[in-house]
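Novice: I'd like to ask you about the structure that follows.
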Amino acid sequence: MTRLEVGPPHDHEVWIGRELAPPAPAGPVALLYDPEVEPLARRLADAVGPRLQLAVAGGEASKQLSVYERLLRALAGAALPRDAEVWAVGGGTVTDLAGFVAASYLRGVGWRAWPTTTLAVVDAAVGGKTGLNLPEGKNLVGAFHPPRGVYAELTALATLPRRVFREGLVEAFKHGLLTGDPVLLAPWDLEAERPGLEDYLARAVQVKIAVVERDFREGGERMKLNLGHTLAHALEAASGHALAHGYAVAWGLLFATLLGRELGGDDLSEPVEALLAWTEAPAPPAADWETLSGFLARDKKNRAAGLRWVVPYGLGDVRIEEVADGALKRAFEAWRGRAARYAG
Ligand SMILES: NC(=O)c1ccc[n+]([C@@H]2O[C@H](COP(=O)([O-])OP(=O)(O)OC[C@H]3O[C@@H](n4cnc5c(N)ncnc54)[C@H](O)[C@@H]3O)[C@@H](O)[C@H]2O)c1
Numbered sequence: 001m002t003r004l005e006v007g008p009p010h011d012h013e014v015w016i017g018r019e020l021a022p023p024a025p026a027g028p029v030a031l032l033y034d035p036e037v038e039p040l041a042r043r044l045a046d047a048v049g050p051r052l053q054l055a056v057a058g059g060e061a062s063k064q065l066s067v068y069e070r071l072l073r074a075l076a077g078a079a080l081p082r083d084a085e086v087w088a089v090g091g092g093t094v095t096d097l098a099g100f101v102a103a104s105y106l107r108g109v110g111w112r113a114w115p116t117t118t119l120a121v122v123d124a125a126v127g128g129k130t131g132l133n134l135p136e137g138k139n140l141v142g143a144f145h146p147p148r149g150v151y152a153e154l155t156a157l158a159t160l161p162r163r164v165f166r167e168g169l170v171e172a173f174k175h176g177l178l179t180g181d182p183v184l185l186a187p188w189d190l191e192a193e194r195p196g197l198e199d200y201l202a203r204a205v206q207v208k209i210a211v212v213e214r215d216f217r218e219g220g221e222r223m224k225l226n227l228g229h230t231l232a233h234a235l236e237a238a239s240g241h242a243l244a245h246g247y248a249v250a251w252g253l254l255f256a257t258l259l260g261r262e263l264g265g266d267d268l269s270e271p272v273e274a275l276l277a278w279t280e281a282p283a284p285p286a287a288d289w290e291t292l293s294g295f296l297a298r299d300k301k302n303r304a305a306g307l308r309w310v311v312p313y314g315l316g317d318v319r320i321e322e323v324a325d326g327a328l329k330r331a332f333e334a335w336r337g338r339a340a341r342y343a344g
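UniProt numbering puts the last residue of the sequence shown at 344; the count rises by one with no breaks.
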């Protein structure tokens, strides 16, 4: 079992292990869980006797206002008091949504995250971002509301389809590029039941904790976590959101490494290509640079001053900077060439 600490001002613990003991809640519990992980939800319910248990289907379709309203009204209907805790059991969609319910019910109650996908463990459940989607776009509503604790129960990951398990680790691999940790850059033998998983996830979570602690509201350093995401968001949009986020990030990482090479950095593209193969990433949409640039301009993380890229110059050497059009286009051509191999 691994215990990590998120320091002040958001002090809480992140536990990673098997058969984790549920903590004592501060007040009555509302258990919001994905039915895909009902055995874990049942175990937690047996342990804490929640005041309320609500099933919330995993998937993007649940991160919307009507579901949010249903959950809030259920909490209000059960007259849950200010010292109540929301326990979120599921993947990133459920932890994002339930976290936002906790952030806003009675102007904020405590919550605990039980992430049950690899992506939720290494990314969504850590860092305090909660929220939901609007018809106008993803994650347009939300709040920074750190949980009181994160409990990554590894036995729950055993039911994840292999591709979902691997896709979720793209963000962890990204953390490997950010820090140069060779373990994070070699996820190849990981499986839910194998012993190396706990150490791997703990290393990945530790990277996110360290960055978030230094820059909670994404003013500067936290932007490094967006490595690969600028192009990824454009690819997702160009595919009409048919390309899953993890795969889009893997393709975005390949582009970022080729951009780093173009700007005089090391060539880090080889391990990223291995990642694309390991995750069985589908081919990206066949959009040209002009089309993708149109989507880039709409990226909500762009600053008025111009688009800034997260560029890896070497393992553990990642810089945030503006990049000239010519270099972007040359890197894109190189990327297109590699992607063409996947298109068959
Ligand atoms: N808050 C943040 O900082 C942050 C960071 C990254 C991603 N996110 C959000 O996370 C979401 C994606 O998370 P996700 O990939 O976990 O998606 P998800 O919650 O939709 O889970 C993926 C699928 O796996 C199922 N599932 C969950 N746990 C399972 C298990 N143990 N066994 C079998 N099936 C299981 C779900 O029902 C769903 O069908 C996105 O909405 C994204 O915006 C948030």
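Each residue gets a CB set at the ideal place from its N, CA and C atoms; glycine is no exception.
All values derive from a computational prediction rather than experimental measurement.
Can you check the UniProt domain "3-dehydroquinate synthase N-terminal" (54-166) for any alpha helix (DSSP H) of at least 4 residues that lies completely inside it and give the ranges in chain order?
Specialist: List check, alpha helix (DSSP H) in window: 65-77 and 92-104.
Novice: Check whether the Cβ atoms of S62 and V94 sit closer than 9 Å, and answer yes or no.
Specialist: In contact: S62 and V94 (Cβ atoms closer than 9 Å).
Novice: What does the alpha-carbon distance come out to for the pair I16 and L154?
Specialist: Distance between the alpha carbons of I16 and L154 is about 7 Å.
Novice: Tell me the residue span of the alpha helix (DSSP H) that contains D325.
Specialist: First-last of the alpha helix (DSSP H) with D325: D325 to Y342.
Novice: Let me check you understand the geometry: is the CB of P161 closer than 8 Å to at least one non-hydrogen atom of ligand 1?
Specialist: True, at least one ligand heavy atom lies under 8 Å from that Cβ.
Novice: Grab me the residues of D123's own chain with a C-beta within less than 6 Å of its C-beta, minus the 5 sequence neighbours each way, in chain order.
Specialist: Excluding residues within five positions, the ones whose Cβ falls inside 6 Å are E171.
Novice: Could you name the residues that DSSP lists as bridge partners for A12?
Specialist: The question names Ala, but residue 12 in the sequence shown is His. DSSP, once it has assigned bridges, lists V6 as partnering H12.
Novice: Considering just the uninterrupted stretch of the alpha helix (DSSP H) at V48, what are its terminal residues?
Specialist: Its alpha helix (DSSP H) spans residues E38 to V48.
Novice: Which runs of the alpha helix (DSSP H) at least 4 residues long sit entirely within the UniProt domain "3-dehydroquinate synthase C-terminal" (168-302)? Give them in chain order.
Specialist: You should have 170-179, 196-214, 229-238, 245-262, 269-278 and 289-297.
Novice: Does the contact criterion of 3 or more C-beta pairs under 8 Å hold for the segment 256-270 versus the segment 280-290?
Specialist: Touching, no.
Novice: For the 8 Å Cβ check, are there 3 or more pairs between the segment 107-117 and the segment 186-193?
Specialist: No, they do not touch.
Novice: Here's the rule: buried if 16 or more other CB atoms are within 10 angstroms of the residue's CB, otherwise exposed. What is G91?
Specialist: Buried, because 16 or more other Cβ atoms sit within 10 Å of the Cβ of G91.
Novice: Using the C-alpha atoms, what's the distance from P182 back to residue 345?
Specialist: An answer regarding residue 345 cannot be provided, because it is not within the stretch 1 to 344 covered by the chain.
Novice: For R203, count the other beta carbons within 10 Å of its own beta carbon; 16 or more makes it buried, fewer makes it exposed. Which is it?
Specialist: The residue in question, R203, is buried, as its Cβ has 16 or more Cβ neighbours within 10 Å.
Novice: Taking the beta carbon of A277 as the centre, do at least 16 other beta carbons fall within 10 Å, making it buried, or is it exposed?
Specialist: Exposed, since its Cβ has fewer than 16 Cβ neighbours within 10 Å.
Novice: Quick check: what's the CA-CA separation for N226 versus P39?
Specialist: Distance between the alpha carbons of N226 and P39: 34 Å.
Novice: Can the beta-carbon of V67 be found less than 9 Å from the beta-carbon of L97?
Specialist: Yes.
Novice: E198 to P147, Cα distance in whole Å?
Specialist: Their backbone Cα atoms lie some 21 Å apart in a straight line.
Novice: Closer than 8 Å to a non-hydrogen atom of ligand 1 - does that hold for the CB of K129?
Specialist: Under cutoff, so the answer is yes.
Novice: Can you grab the Cα-Cα spacing for the pair L72 / A331, in whole Å?
Specialist: Roughly 47 Å separates the two Cα atoms.
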